[in-house]
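Working notes for the structure below.
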């Protein structure tokens, strides 16, 4: 897990794809959506789930998050398991990487070297990550309604998008005045951005 700073264009998602749960029973970090990976290598394997079924692993890599306080955190060694219902952050893997934990007041906080890295709020008995997944040059926010108040500009749509089906790319133009002319290209299959390993 690494921390770095970077500015990104905001995007919104209502489909729940960006939902991540801090899970004490998972042996691995697991992600169901290929497009969430900032680095990726195809691989094959199987993992056993808590309900005594197995799921296919098709790849592994890193996933970047933008936390609620603006910091960027990279989660490494994440397995790509397309048939999952929820994305899981393994408490056991974080523990083996030297992280410490504090659970109180409905919040689970993850620390490394006395620095808070991740946190989740308890909802329906599960600790859900309070952060956003960074995809390419965009940030997909949890449970967003597509509207944000930013820099005192009032509520505005966060993005408009068009898909070029022939080339398999998405062109997303920011809806905020401050970033109105910014363009980001995100390939639907494969990433256009490479993150240096830390």
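Numbering (the working numbering), first residue to last: 4 to 201.
We treat Cβ as the ideally placed atom computed from N, Cα and C, and that holds for glycine.
These numbers were taken from a predicted model, which means no experiment stands behind them.
Where residue i falls: helix, strand or coil (DSSP)
| i | result |
| --- | --- |
| residue 105 | strand |
| residue 128 | coil |
| residue 22 | coil |
| residue 111 | strand |
| residue 161 | In this prediction, residue 161 scores a pLDDT of 35, lower than 50, which makes its location untrustworthy; no coordinate-derived value is stated. |
| residue 97 | helix |
| residue 117 | coil |
| residue 82 | strand |
| residue 91 | strand |
Test item: CB-CB of residue i and residue j under 8 Å
| i | j | result |
| --- | --- | --- |
| residue 92 | residue 129 | no |
| residue 45 | residue 60 | no |
| residue 70 | residue 111 | no |
When the options are compared against residue i, the one with the closest alpha-carbon
| i | options | result |
| --- | --- | --- |
| residue 56 | 86, 135 and 34 | 86 |
| residue 30 | 118, 36, 41 and 99 | 99 |
| residue 66 | 115, 33, 127 and 88 | 33 |
| residue 72 | 123, 104 and 48 | 123 |
| residue 28 | 74, 78, 54 and 47 | 54 |
| residue 103 | 118, 90 and 48 | 118 |
| residue 88 | 79, 105 and 35 | 35 |
| residue 125 | 134, 41 and 109 | 109 |
| residue 68 | 82, 37, 41 and 107 | 41 |
| residue 50 | 25, 81, 134 and 43 | 81 |
| residue 138 | 47, 25, 24 and 37 | 37 |
CB-CB length for residue i against residue j, believed under 8 Å
| i | j | result |
| --- | --- | --- |
| residue 95 | residue 115 | Wrong, their Cβ atoms sit about 15 Å apart, outside the cutoff. |
| residue 76 | residue 58 | Not a contact, Cβ separation roughly 25 Å. |
| residue 39 | residue 136 | 5 Å |
Secondary structure, beta strand (DSSP E): runs of 3+ residues fully inside the segment 24-76: 32-34, 40-51 and 57-70
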